[in-house]
Amino acid sequence: MRYYTNVSDLGDLQAALTEALEVKKHRYDYQHLGKNKTALLIFFNNSLRTRLSTQKAAQNLGMNTIVLDVNAGAWKLETERGVVMDGDKAEHLLEAIPVMGCYADIIGVRSFARFESKKDDYEEKILSQFIKYSGKPVFSMECATGHPLQAFADIITIEEHKEVKRPKVVMSWAPHPGRLPQAVPNSFAQFAVAAGYEVVITHPHGYELDPRFTAGATIEYDQMKAFEGADFVYGKNWSAFQDEFYGKNLEKDFPGQFNEDWRSWTIGARQMAVTNYAHFMHCLPVRRNMIVTDDVIEGPRSLVIPEAANREISAETVIKRMLEDLD
Ligand code: AN0
Ligand code: CP
0 MRYYTNVSDL GDLQAALTEA LEVKKHRYDY QHLGKNKTAL LIFFNNSLRT
50 RLSTQKAAQN LGMNTIVLDV NAGAWKLETE RGVVMDGDKA EHLLEAIPVM
100 GCYADIIGVR SFARFESKKD DYEEKILSQF IKYSGKPVFS MECATGHPLQ
150 AFADIITIEE HKEVKRPKVV MSWAPHPGRL PQAVPNSFAQ FAVAAGYEVV
200 ITHPHGYELD PRFTAGATIE YDQMKAFEGA DFVYGKNWSA FQDEFYGKNL
250 EKDFPGQFNE DWRSWTIGAR QMAVTNYAHF MHCLPVRRNM IVTDDVIEGP
300 RSLVIPEAAN REISAETVIK RMLEDLD
């Protein structure tokens with residue numbers, strides 16, 4: 000594998016899942032692959048899980064790891080070509096990327112949607128420049144439109160906990176005070192459909208996602224109806240995708256304009272009661288009593304910690320495949 004930005008990069012998803020479960024059992028058996036190889040992990044945004052689990056995964060594989068927080072210690076980077084650089088940005092991405100490529104065998108990039116231009120975000124302007132100019136294999140550690148390491152870990156977790164062959168998996172929007180990317184729900188929808196689950200997505204009007212990512216899922220605007228009989232509930236907030244509201248928090252940015260009781264979407268006992276004793280999932284970090292109540296996240300069906308643990312496994316499986324295909 001040369002690049003990992005999308006579910007399709009895994010090829011046969013069932014084979015990838017089988018491989019991941021094998022990696023989980025034998026996570027230190029592949030150290031020969033990473034000897035004298037360096038993983039460079041570049042963060043334009045904050046992270047707890049991705050930062051730790053991806054380093055751990057690379058180290059399991061015998062690699063050296065270098066972590067760079069671009070906004071804490073590196074030069075401020077210009078990303079637009081043609082700009083007269085007389086402002087606060089000391090270096091251009093077009094030099095910085097090939098320089099970083101000199102020190103790495105594999106590069107991971109975290110670069111969230113900036114919400115300045117929907118076109119730039121959905122064309123993955125930053126990630127695609129790493130692919131173009133670094134000369135190295137590149138994987139996404141959550142970029143503007145997707146978080147494929149998270150979604151892969153989530154599907155591994157569902158496979159480990161499902162009690163029926165084709166579970167009903169419901170992804171629900173839930174409130175948040177910020178303006179969050181669509182990356183996590185985009186990838187989760189895509190992976191869950193690719194895994195063959197019955198996928199239902201529920202959200203208030205105005206929070207429709209990009210249909211290229213949700214194809215194959217059912218959209219149900221009535222949250223209680225969506226939750227009926229669910230085997231897994233995946234909570235997540237995201238900002239609006241539609242052009243006129245792109246990147247906006249509709250509750251905060253358009254007060255009173257939508258006829259919606261936003262806070263009623265917080266996932267609690269009322270919604271979980273109509274499910275098939277569903278497992279609760281969330282990628283973390285989570286805002287308690289906004290996204291989900293204390294009782295549900297602490298309850299016996301919560302999978303938030305196993306999901307985080309499986310981030311090591313999804314990352315190791317992906318990096319292993321990249322190492323196997325290095326020139
Ligand atoms: C980010 C998001 O929603 O995309 C990262 C999640 C893994 N979350 C926040 O910024 C809170
Ligand atoms: N789930 C996830 O990617 O968490 P971090 O943002 O902490 O890396």
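For the sequence shown, numbering that gives the first Met the number 0 assigns the number 0 to the initial residue and increments by one for each residue that follows. C-beta: ideal position from N, C-alpha, C; glycine also.
Distance from the CA of L51 to the CA of R80, rounded to the nearest whole angstrom, comes to 33 Å. A direct Cα-Cα distance of roughly 52 Å separates N258 from L322. Residue pairing for F42: DSSP places it in a beta bridge opposite D68, R109. Taking 4 residues as the minimum length, the alpha helix (DSSP H) runs contained wholly in the segment 140-184 are 147-160, in order along the chain.
DSSP places G234 inside the beta strand (DSSP E), whose first and last residues are 231-235.
Judged by DSSP secondary structure, T4 falls outside any alpha helix (DSSP H); it is assigned neither H nor E. I218 sits exposed, since fewer than 16 C-beta atoms from the chains shown fall within 10 Å of its C-beta. Residue pairing by DSSP places V198 opposite V168 in a beta bridge.
Under the three-state reduction of DSSP, E90 is assigned to strand.
Listed in chain order, the beta strand (DSSP E) runs fully inside the segment 251-287 are 278-280, counting runs of at least 3 residues.
Counting of Cβ neighbours within 10 angstroms places C142 among the buried residues, the total reaching 16 or more. Taking A150 as the centre and dropping the five residues before and after it, the same chain places the C-beta of S186, F187, F190 closer than 6 Å to its C-beta, in chain order.
Beta bridge pairing from DSSP links V291 with I266, R287. Excluding sequence positions up to five before and after R286, its CB lies within less than 7 Å of the CB of H175, all in the same chain and listed in chain order.
The beta carbon of P184 is closer than 7 Å to those of M170, L208, K235, W237 in its chain, skipping five residues each way along the sequence. Contact between L47 and P305 fails: their C-beta atoms lie close to 16 Å from each other, not under 8 Å.
Contact between the segment 83-101 and the segment 117-129 is established, with three or more Cβ pairs separated by less than 8 Å. CA-CA distance, Q181 to A152, rounds to 17 Å. Residues of the same chain with a CB within less than 6 Å of the CB of Q30, apart from the 5 flanking positions on each side, are G61 in chain order. Contact between K88 and K75 holds: CB atoms are separated by about 5 Å, below the 8 Å threshold. The nearest non-hydrogen atom of ligand 1 is 7 Å or more from the C-beta of Q189. Bridge partners of V137 according to DSSP: Y2, I106. By the neighbour-count definition (other C-beta atoms within 10 Å, threshold 16), G228 is an exposed residue. In terms of Cα proximity to E158, the closest of V82, T64, S133, D230 is D230.
Residue environment analysis places Y276 among the exposed positions, since fewer than 16 neighbouring C-beta atoms fall within 10 angstroms of its C-beta.
Taken through DSSP and simplified to helix, strand or coil, E311 comes out as helix. Non-local beta-carbon contacts of R310 in its own chain, meaning distances under 6 Å to residues more than five positions away in sequence, involve R48, S52, A152 in chain order. With at least 16 other beta carbons inside 10 angstroms of its own, Q222 counts as buried. For S52, the secondary structure class from DSSP, reduced to helix, strand or coil, is helix.
Beta bridge pairing from DSSP links T217 with V199.
Relative to ligand 2, the beta carbon of T64 is positioned no closer than 7 Å to any heavy atom. Of the candidates G72, F129, Y206, F129 places its Cα closest to the Cα of V98. In this structure, the CA atom of L9 is about 11 Å from the CA atom of A19.
Looking at the DSSP output, E77 bridges to H91.
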